[in-house]
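Residues are numbered in our numbering as their position in the sequence shown, beginning at 1, plus a constant of 15. By construction, the Cβ of each residue, glycine as well, lies at the ideal position given by its N, Cα and C atoms. Notes to accompany the following structure.
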Amino acid sequence: MLESLGKIEVYASGFRNADDFFNDSDQAKFNASLLLLLNIGEYASKLSTALTNRHQNLPFQEIRGLRNRIAHNYIGIDYEMVFDIIQHDLPHVKSRLVEILQVEIGKGTFDRGELEAARSSTHYRHIDFSLIM
């Protein structure tokens, strides 16, 4: 989820309004961001109920709901709403996910070996692991 959030930050950086973001590069950055938002919602649905119950200050239901809206109404997605979510909601989601990882690592419920494997992977380029560990 953090990797997807980091990529969305890259794609949306520098845009001041939804129209410019939507129309840039023949909508490539917008479409890539939609796919990443879909991925975030998909991963949120795979989290255990126990974990989501422990961390109710992150709106997991809304994250999954956005995933469903994108998946089932891709063409009808309001690009202004998406840009607003990217600009105003995703920074909060990202910081909360980092806090959740810190808590769960501290409690021993998140595998440090898995975290180290992710950190050494070439796939995870948009995560600041120093914030987590």
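Unbroken alpha helix (DSSP H) run spanning Q117, endpoints | One-based indexing of the sequence shown puts residue 117 at position 102. Where Q117 is concerned, the enclosing alpha helix (DSSP H) stretches over 105-122.
Using three-state DSSP, classify H87 as helix, strand or coil.
-> Taking the sequence shown and counting its residues from 1, the one referred to as residue 87 is at position 72. Helix.
How far does the alpha helix (DSSP H) with G128 in it reach, from first residue to last?
-> Locating residue 128 in the sequence shown gives position 113, counting from the first residue. 127-135 is the span of the alpha helix (DSSP H), which, as asked, contains G128.
Does any CB atom of chain D fall closer than 8 Å to the CB of L66?
-> Structure shown: chain D not included; a single protein chain is present.
Nearest CA to the CA of F125: which residue from K44, V113, S136?
-> Along the sequence shown, one-based indexing puts residue 125 at 110. Measuring from the Cα of F125, the nearest candidate turns out to be V113.
What residues in its chain sit with their C-beta under 7 Å from that of I142, if we drop five residues either side in the sequence?
-> Your numbering for residue 142 matches position 127 in the sequence shown. For I142, where only same-chain residues beyond five positions count, the Cβ hits under 7 Å are L17, E18, G21.
Applying the criterion that 16 or more other CB atoms from any shown protein chain within 10 Å of the CB defines a buried residue, is A33 buried or exposed?
-> Taking the sequence shown and counting its residues from 1, the one referred to as residue 33 is at position 18. The residue is buried, with at least 16 neighbouring Cβ atoms inside 10 Å.
Start and end residues, alpha helix (DSSP H) containing R69 | Along the sequence shown, read from residue 1 onward, the residue named residue 69 stands at position 54. Looking at the DSSP string, the run of the alpha helix (DSSP H) that includes R69 is 64-69.
Indicate whether the contact test is met: 3 or more Cβ pairs, each with one atom in the region 77-89 and one in the region 53-61, closer than 8 Å.
-> yes
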